[in-house]
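One structure is given below, encoded as structure tokens.
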Amino acid sequence: MTDPSAPLPAPRLRCAACLRPGAACLCGIAVTVAHPAEVLILQHPLEVHHAKGTARLLHLCLPDSRLEVGEAFEPRALHAWLKAPWPGAAPGAAARPAPRAVLLYPPSPPDPALPLAPAPPLPPDWLAGDAAALRLVVLDGTWRKSRKMLYANPLLQGLPRLPLSTAAPLPPSRYRIRRAHAPHQLSTLEATCAALAQLEGGNAERYAPLLQAFEAFMARQAARVPPAASPAGC
């Protein structure tokens, strides 16, 4: 039996930037990658301290990104994240037109338990125009969690949706440390890299350093956790 008078173990100190314990800090493997389109990452609360999640590394690598945590967001706050200049934006950002928010989300079959409003069409000129005018919205969670987030936030349902292009086959996921339910499913980091490249007309080379940081992250995790112990995820 545990001695009730024994002192409790000291809580593990976490890095203020990546929220990981010191031994698992991501800051040393993060690289800064310039990207024209802003990125808003909306993370499900159950993903925040998931050791194998990629959203925090993605946020650390993309300087024009913002990460918010929740499932059902306060509408006024969400509207500001979608349309207003973010804190730290470059001078003159408030005078520019509001960014065009587009949701990274694949076509999905109807779910009677979580019905979604039809999304407006994605204007063709958004993909052929200036990527710097766009704000890419990314949901970080399992497929079920991300659909719950979309269902709980009508403002997100009202955004045009960007599926990853099928004009050329996507490379298979490198996400070896977390099992996917289908071969085409990518991690949040991989899907965001592919979407940003797509918004820029196929400039995938820009995001190669970010994917290299992702490889370093997976190598570290594989060394810490036996593959057989990996839980199912998206």
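Residue 12 is where the sequence shown starts when you use the numbering used here, and the numbers rise one by one after that. Every residue gets a Cβ at the ideal spot worked out from N, C-alpha and C, and that includes glycine.
Practice task
Check each candidate in Ala112, Val44, Leu24 and name the one with the smallest Cα separation from Ala35.
Solution key: Per the Cα distances, Leu24.
Problem - Supposed contact pair Leu93 and Ala112 - C-beta distance, whole angstroms, cut 8 Å - result: Sure, about 4 Å apart at Cβ, within 8 Å.
Exercise for the section: Would you decide whether Thr203 is buried or exposed? Buried here means 16 or more other CB atoms lie within 10 Å of its CB. Expected result: By the neighbour-count rule (16 or more Cβ atoms within 10 Å), Thr203 is buried.
Problem - Sub-8 Å separation of His55 and Gly152 beta-carbons - result: Gly152 is positioned such that its CB atom lies closer than 8 Å to that of His55.
Handout entry: Ordered list of alpha helix (DSSP H) runs contained in the region 40 to 125, each at least 4 residues
Key = Qualifying alpha helix (DSSP H) stretches, in chain order: 66 to 72, 86 to 94.
Practice task
Could you round the C-beta distance between Ala66 and Thr199 to whole angstroms and report it? I think they count as a contact, below 8 Å.
Solution key: Going by Cβ atoms, the distance from Ala66 to Thr199 rounds to 5 Å, so yes, they are a contact pair.
Problem - Selection from Ala41, Pro129, Asp141 that minimises the alpha carbon distance to Arg231 - result: Checked all of Ala41, Pro129, Asp141; the closest Cα to Arg231 is Ala41.
Exercise for the section: In the DSSP assignment, find the beta strand (DSSP E) that holds Leu145 and state where it starts and stops. Expected result: Per DSSP, Leu145 belongs to the beta strand (DSSP E) from 145 to 151.
Problem - Neighbourhood of Cys29 by C-beta distance below 7 Å, restricted to the same chain and skipping five residues each side - result: Result list for Cys29: Cys36, Leu37, Cys38, Arg67, Leu71, in chain order.
Practice task
Measure the Cβ-Cβ separation of Leu145 and Trp137 and say whether it is below 8 Å.
Solution key: The beta carbons of Leu145 and Trp137 sit closer together than 8 Å.
Handout entry: Per-residue burial, Ile188 [other beta carbons within 10 Å of its own, 16 or more giving buried]
Key = A caution first: Ile188 carries a pLDDT of 49, below 50, which makes its placement in the model unreliable, though a value can still be read off. Residue environment: Ile188 is assigned as buried (16 or more neighbouring CB atoms within 10 Å of its CB, all protein chains considered).
Practice task
Please state whether DSSP places Arg172 in a helix, a strand or coil.
Solution key: In this structure, Arg172 counts as strand in the three-state DSSP scheme.
Handout entry: Pro220, DSSP secondary structure in three states
Key = For Pro220, the three-state secondary structure derived from DSSP is helix.
Exercise for the section: Compute the Euclidean distance between the alpha carbons of Glu211 and Ala142, then round it to the nearest angstrom. Expected result: Straight-line Cα distance between these residues: approximately 6 Å.
Problem - Close beta carbons around Arg31, own chain, < 7 Å, minus the five adjacent residues each side - result: Excluding sequence neighbours, Arg31 sits near Arg25, Leu37.
Exercise for the section: Can you tell me the Cβ-Cβ gap for Leu175 and Ala206, rounded? I've got them flagged as a contact below 8 Å. Expected result: With 8 Å as the limit, Leu175 and Ala206 qualify as a contact, their Cβ atoms being about 6 Å apart.
Handout entry: Cβ pair Leu166, Leu78 closer than 8 Å
Key = Taking 8 Å as the cut-off, the Cβ atoms of Leu166 and Leu78 do not count as close.
Handout entry: Segment limits, alpha helix (DSSP H) that includes Arg155
Key = Counting along the chain, the alpha helix (DSSP H) containing Arg155 begins and ends at 154 to 163.
Exercise for the section: Note down the Cα distance separating Leu115 from Thr43, rounded to an integer number of angstroms. Expected result: Put simply, the backbone Cα of Leu115 is about 22 Å away from that of Thr43.
Problem - Own chain residues within Cβ distance below 7 Å of Glu82, not counting five before or after - result: If we look at Glu82 and ignore the five residues flanking it on each side, its Cβ neighbours are His55, Pro56, Lys159, Met160, Ala163.
Practice task
Mind reading off the beta-carbon distance from Ala49 to Pro110? Whole number of angstroms is fine, and I expect it under 8 Å.
Solution key: Reading off the sequence shown, one finds Glu at residue 49, where the question assumed Ala. Right, the Cβ-Cβ distance comes to about 6 Å (below 8 Å), so this counts as a contact.
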